Amino acid sequence: AKYTVDAKKEFNFVIRIPSFAEYVAVNGEPFEGQELSFAVVPGTSVIEIEFHTQPRFVQRPNNLHAVRCGSLLFSLPIAYDKRMLEYERGGVERKFPYCDYELIPTSDWGYGYCGGELTVQRKAPGPVPFSGEDPAVTVKTQAVRIDWGYADGYDSVCAKIPESIVPLSEPEEVFLRPYGSAKLRMTELPIVK
Numbered sequence: 074a075k076y077t078v079d080a081k082k083e084f085n086f087v088i089r090i091p092s093f094a095e096y097v098a099v100n101g102e103p104f105e106g107q108e109l110s111f112a113v114v115p116g117t118s119v120i121e122i123e124f125h126t127q128p129r130f131v132q133r134p135n136n137l138h139a140v141r142c143g144s145l146l147f148s149l150p151i152a153y154d155k156r157m158l159e160y161e162r163g164g165v166e167r168k169f170p171y172c173d174y175e176l177i178p179t180s181d182w183g184y185g186y187c188g189g190e191l192t193v194q195r196k197a198p199g200p201v202p203f204s205g206e207d208p209a210v211t212v213k214t215q216a217v218r219i220d221w222g223y224a225d226g227y228d229s230v231c232a233k234i235p236e237s238i239v240p241l242s243e244p245e246e247v248f249l250r251p252y253g254s255a256k257l258r259m260t261e262l263p264i265v266k
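Numbers in the working numbering are just positions in the sequence shown, counted from 1, shifted up by 73.
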């Protein structure tokens, strides 16, 4: 991050360092601590802050795991078809563009993580930072298909936990996207040994 501060009078400029930052440099110099404080004087001041983050698995309920990198939570995106639902309910007409949409999965979604390697791939953000087609950051890892199963009474809603974590495929390379970049997604998966 690069801060350019144009000040007319003196003040104290404070920046909180996130707890997940693993290496912090301020204007090229290493820094340790959780808060930076700068006495800004009249004129222009430039402050450059760099910090690193590493992806990691985090434990979730039901022996499932999610992937985090810094403040971002990552998900396995699921390809889908979109069906527009227009209707009237309670005297309110829900017609395009004020209608609902149903997302129907068209790709496999029953996966478990295998192997422990998580590799971040970053690039400059495009005009839509959390684009579903081209996010600025992804995490590459390995996953295998498993028998996840459906929730009772449904044929398109996954069960809360998988029926089995026995691998049904060879490991595949998958690219996780930030949670907000994947409209239909699997976020909490088991780790398959």
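Beta carbons are placed, not taken as given, at the ideal position from N, Cα and C, and that holds for glycine.
Values in this document were obtained by computation on a predicted structure and should not be read as measured data.
Along the chain, where does the beta strand (DSSP E) containing residue i start, and where does it finish?
i, result
"Gln-194", "184–195"
"Ile-177", "173–178"
"Leu-109", "108–113"
"Val-210", "210–218"
"Ser-118", "116–124"
"Ala-80", "75–80"
"Ile-88", "84–89"
For residue i, which of helix, strand or coil comes out of DSSP?
i, result
"Ser-148", "strand"
"Ser-254", "helix"
"Pro-103", "strand"
"Pro-134", "helix"
"Glu-159", "coil"
"Glu-245", "strand"
"Asp-154", "strand"
Taking the straight line between their C-alpha atoms, what separation do you get for residue i and residue j?
i, j, result
"Glu-166", "Cys-172", "8 Å"
"Met-157", "Val-193", "35 Å"
"Gly-253", "Glu-102", "33 Å"
"Lys-266", "Gly-188", "8 Å"
"Val-247", "Tyr-186", "10 Å"
"Cys-142", "Val-201", "20 Å"
"Glu-159", "Pro-128", "41 Å"
"Ala-209", "Val-97", "21 Å"
"Asn-100", "Ile-122", "6 Å"
"Glu-95", "Pro-170", "45 Å"
"Asp-154", "Ile-219", "23 Å"
Answer with buried or exposed for residue i, where buried requires no fewer than 16 other C-beta atoms within 10 angstroms of its C-beta.
i, result
"Tyr-184", "buried"
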